[in-house]
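A.B. asks:
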Amino acid sequence: MTMNKIEATTADAYKLIHDGVLALARAERQGIRIDLEYCEKKKHHLTRQINRLQKKIQDTKFYRRWEHIYGAKTNVYSNHQLSNLLYRHMKIEPMKTTVTGRGSTDEEALNRIDVPELKLILQMRKLSKVRDTYLDAFTREQHDGYIHPSFNLHTVRTFRSSSDRPNFQNIPIRDKESMRICRRALLPRPGHQLMEMDFSALEVHIAACYCKDPVLIHYLKDKNSDMHLDMAKQIFMFDELDRKIPIHAVLRQAAKNGFVFPQFYGDYYGNNSLYLSDWVKLPQEGRWKKGMGLLLPDGDYTSDHFINHGIKSFDDFTEHLKQVEDDFWNRRFKAYHKWRLNQVNQYRKKGYLKMFTGFTCSGTMRRNEIMNYPIQGSAFHCLLFTFIRLDEIMREEKWDSKLIGQIHDCIVVDAHPDEIDHVEETARKIIKEELPAKWKWIIIPLDISVDRYEVDSPWVIK
DNA sequence: GGAACTCGCCAC
DNA sequence: AAACGTGGCGAGTTCC
Numbered sequence: 146m147t148m149n150k151i152e153a154t155t156a157d158a159y160k161l162i163h164d165g166v167l168a169l170a171r172a173e174r175q176g177i178r179i180d181l182e183y184c185e186k187k188k189h190h191l192t193r194q195i196n197r198l199q200k201k202i203q204d205t206k207f208y209r210r211w212e213h214i215y216g217a218k219t220n221v222y223s224n225h226q227l228s229n230l231l232y233r234h235m236k237i238e239p240m241k242t243t244v245t246g247r248g249s250t251d252e253e254a255l256n257r258i259d260v261p262e263l264k265l266i267l268q269m270r271k272l273s274k275v276r277d278t279y280l281d282a283f284t285r286e287q288h289d290g291y292i293h294p295s296f297n298l299h300t301v302r303t304f305r306s307s308s309d310r311p312n313f314q315n316i317p318i319r320d321k322e323s324m325r326i327c328r329r330a331l332l333p334r335p336g337h338q339l340m341e342m343d344f345s346a347l348e349v350h351i352a353a354c355y356c357k358d359p360v361l362i363h364y365l366k367d368k369n370s371d372m373h374l375d376m377a378k379q380i381f382m383f384d385e386l387d388r389k390i391p392i393h394a395v396l397r398q399a400a401k402n403g404f405v406f407p408q409f410y411g412d413y414y415g416n417n418s419l420y421l422s423d424w425v426k427l428p429q430e431g432r433w434k435k436g437m438g439l440l441l442p443d444g445d446y447t448s449d450h451f452i453n454h455g456i457k458s459f460d461d462f463t464e465h466l467k468q469v470e471d472d473f474w475n476r477r478f479k480a481y482h483k484w485r486l487n488q489v490n491q492y493r494k495k496g497y498l499k500m501f502t503g504f505t506c507s508g509t510m511r512r513n514e515i516m517n518y519p520i521q522g523s524a525f526h527c528l529l530f531t532f533i534r535l536d537e538i539m540r541e542e543k544w545d546s547k548l549i550g551q552i553h554d555c556i557v558v559d560a561h562p563d564e565i566d567h568v569e570e571t572a573r574k575i576i577k578e579e580l581p582a583k584w585k586w587i588i589i590p591l592d593i594s595v596d597r598y599e600v601d602s603p604w605v606i607k
């Protein structure tokens, strides 16, 4: 068989890293402006809130029981102590254990225990996370009002990037309150505005480039098709769903986060079943009774709907998802499945994996790692190339706008308002023209979505 | 008193 | 048979 010469070499990979390091170093030197005064004020404010919560906890019977065991060593931040208190002294059955076999005290576990004081502990954890991991890091790492996060290209097994001091790649966004508090601290330069350019579903597009699964390609190319909605129909057994209707969109979201993505990462129906039954608020033991769970599009409760379709318990639901999974890989995405099996076989034969971008993954890998590394790495390399080219053009054309960071599939720009349209156009051109010209293996058009923040306003989503 | 580990939790 | 990929980081704990 003749080699289809679309794959890059190790030398190409080296060049990408070399150019990438330089481009990222320039972004590091620019830095991100922070609102120091806000950070200090907010830290004080959070400290007062945390202290109030701590006092409230210390005023309870629960705390006195804790103190009875640990005396002067009692510490409400100690999960070790909390675990002993709940699972040894109070003899509560742990819902799950940590890797070392202790009863877990994470958010999910605490939420299942009917002790009101645990809500206060969780609230304290959330506030101290924001204060200690983010605001405190910003003020500690800042110099003249700018932080300069490092972007590393030499630390990650998949040849993705990482970021540290401070980590720019894990600033809260999902939780609205944490997002507001942390991102309020990050500002554009005076007269500028922040903008983000996100690749849309980048990893899935790259996965499709690797496996060339016609069904997956169709889902990505055809705007009228919707993979997550189709999976929601199958999982929740509806003939028709419309993503524009809120409750339908909720089921779509559940299918996406509770089935499709985990499956792509190598998860299996057993975990999907736990996640999804929890999502629709149905119990994981016993027979389901009428009137349980969320209200569904057809006006029935989830349990009624499922019972009508022959699913009468959590075990039935798990069995259903087992069939959905089987259909997912052996019918719907059978070419993707075949590619995954082939990846594993190739690795077993050769002892390493080669990415389309020229990188070699070697060392011992588990099955899921084998299937994920090339996709994750190559996806990031699309971003890195775009970042390098933007940086070059920015310097050539002497933009006042500055690249300031990158979050795996998203580029963050501190943009001058007069240039912002041009920045976006330039990025689109790179992605639509240069990238597929450089890498012929990109057989599905990539796209970006752009978010613009207001002039002189922080990085807060309305 | 510091290194290494555990746990939890933030992002993609 | 088993079963979710990649990171960084802070606080608590344990080890030396």
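Using my numbering, the letters of the first sequence correspond one by one to residues 146 to 607. In this text, a Cβ means the ideal position worked out from N, Cα and C, and glycines have one as well.
Would the beta-carbon of Leu419 fall within 8 Å of that of Gln429?
C.D. replies: In contact: Leu419 and Gln429 (Cβ atoms closer than 8 Å).
A.B. asks: Just how far apart, CA to CA, sit Arg611 and Leu272?
C.D. replies: Examination of residue 611 is not possible in this model, given that the chain is present from 146 through 607 alone.
A.B. asks: Quick one: what's got a C-beta closer than 7 Å to Asp596's C-beta in the same chain, skipping five residues either side?
C.D. replies: Met340 and Glu341
A.B. asks: Does DSSP classify Asn312 as helix, strand or coil?
C.D. replies: coil
A.B. asks: For the alpha helix (DSSP H) that Phe532 lies in, which residues bound it at each end?
C.D. replies: That run of the alpha helix (DSSP H) goes Arg512 to Glu541.
A.B. asks: With DSSP as the reference, label Met342 as helix, strand or coil.
C.D. replies: Residue state, collapsed to three classes: strand.
A.B. asks: Can you tell me whether Met146 is helix, strand or coil according to DSSP?
C.D. replies: For Met146, the predicted model reports a pLDDT of 46, less than 50, meaning its position is unreliable; a value from the coordinates is still stated below. Coil.
A.B. asks: For Thr147, does the count of other Cβ atoms within 10 angstroms reach 16, so buried, or fall short, so exposed?
C.D. replies: With a pLDDT of 48 at Thr147, under the threshold of 50, the modelled position of this residue cannot be trusted; read the value that follows with caution. The residue is exposed, with fewer than 16 neighbouring Cβ atoms inside 10 Å.
A.B. asks: Is Thr110 helix, strand or coil by DSSP?
C.D. replies: Only positions 146 to 607 of the chain appear in the structure, and residue 110 is not among them; the question remains open.
A.B. asks: Do Leu230 and Arg209 have their C-beta atoms closer together than 8 Å?
C.D. replies: no
A.B. asks: Whole angstroms is fine: what's the gap from Lys357's alpha carbon to Asn490's?
C.D. replies: 18 Å
A.B. asks: Take Ile99 as the anchor and find which of Asp204, Leu227 and Tyr222 has the nearest alpha-carbon.
C.D. replies: Here the chain has residues from 146 to 607 only, and residue 99 is not among them.
A.B. asks: Could you tell me which residues DSSP puts in a beta bridge with Lys547?
C.D. replies: Assignment of beta-bridge partners to Lys547 by DSSP yields Asp559.
A.B. asks: With a CB to CB cut of under 7 Å and the five nearest residues on each side skipped, what residues in its chain are close to Ile237?
C.D. replies: Counting only Cβ-Cβ distances below 7 Å, and skipping sequence neighbours, we find Leu231 and Ile258.
A.B. asks: For Asp545, collect the residues of the same chain with a Cβ closer than 6 Å to its Cβ; drop the 5 residues on either side in sequence, then sort them by chain order.
C.D. replies: His561
A.B. asks: To the nearest angstrom, how far is it from the Cα of Ile456 to the Cα of Phe381?
C.D. replies: Cα to Cα, the separation comes out at about 11 Å.
A.B. asks: Hey, out of Ala282, Gln488 and Lys389, whose CA is closest to Ile316's CA?
C.D. replies: Ile316 has its Cα closest to that of Ala282, out of Ala282, Gln488 and Lys389.
A.B. asks: Using the Cα positions of Met269 and Ile452, report the straight-line distance between them to the nearest angstrom.
C.D. replies: 41 Å
A.B. asks: What residues match up with Asp596 in a beta bridge as DSSP calls it?
C.D. replies: Glu341
A.B. asks: Once DSSP output is grouped into helix, strand and coil, what is the label at Leu591?
C.D. replies: The DSSP-derived three-state label of Leu591 is coil.
A.B. asks: Can you check DSSP and say which residues form a bridge with Asn402?
C.D. replies: Asn402 is not bridged to any residue.
A.B. asks: Measuring CB atoms only, is the segment 383-403 touching the segment 435-442, in the sense that at least three cross pairs come out at less than 8 Å?
C.D. replies: Touching, per the Cβ criterion.
A.B. asks: Can you give me the start and stop residues for the alpha helix (DSSP H) that Tyr497 sits inside?
C.D. replies: Counting along the chain, Tyr497 falls outside any alpha helix (DSSP H), though it belongs to the beta strand (DSSP E) covering Tyr497 to Lys499.
A.B. asks: Would you mind giving the Cβ-Cβ distance between Gly503 and Thr192, rounded to the nearest angstrom? I have them listed as a contact below 8 Å.
C.D. replies: Wrong, their Cβ atoms sit about 50 Å apart, outside the cutoff.
A.B. asks: Given this structure, state the Cα-to-Cα distance separating Leu198 from Leu265, to the nearest angstrom.
C.D. replies: About 6 Å.
A.B. asks: Mapping DSSP to helix, strand and coil, what is Arg178?
C.D. replies: For Arg178, the three-state secondary structure derived from DSSP is strand.
A.B. asks: Taking all protein chains shown into account, decide if Ile533 is buried (16 or more other Cβ within 10 angstroms of its Cβ) or exposed.
C.D. replies: buried
A.B. asks: I need the boundaries of the alpha helix (DSSP H) containing Thr447, first residue and last residue.
C.D. replies: In this chain, the alpha helix (DSSP H) harbouring Thr447 covers Thr447 to Asn453.
A.B. asks: Alpha carbon to alpha carbon, how far is Ile549 from Asp423?
C.D. replies: 39 Å
A.B. asks: Work out the CA separation of Ala394 and Asp375 for me, nearest whole Å.
C.D. replies: Each residue's Cα considered, the two are about 12 Å apart.
A.B. asks: Out of curiosity, what's the CA-to-CA distance linking Asn417 and Lys434?
C.D. replies: Those two C-alpha atoms are separated by around 21 Å.
A.B. asks: Let me know if Ser448 comes out buried or exposed under the rule of 16 or more other beta-carbons within 10 Å of its beta-carbon.
C.D. replies: buried
A.B. asks: To the nearest angstrom, report how far apart Ile351 and Ile390 are at their CA atoms.
C.D. replies: Taking the straight line joining both Cα atoms gives about 30 Å.
A.B. asks: Taking C-alpha atoms, which residue in Gly431, Val469 and Leu486 lies nearest to Asp460?
C.D. replies: The shortest CA-to-CA distance from Asp460 to any of Gly431, Val469 and Leu486 is the one to Gly431.
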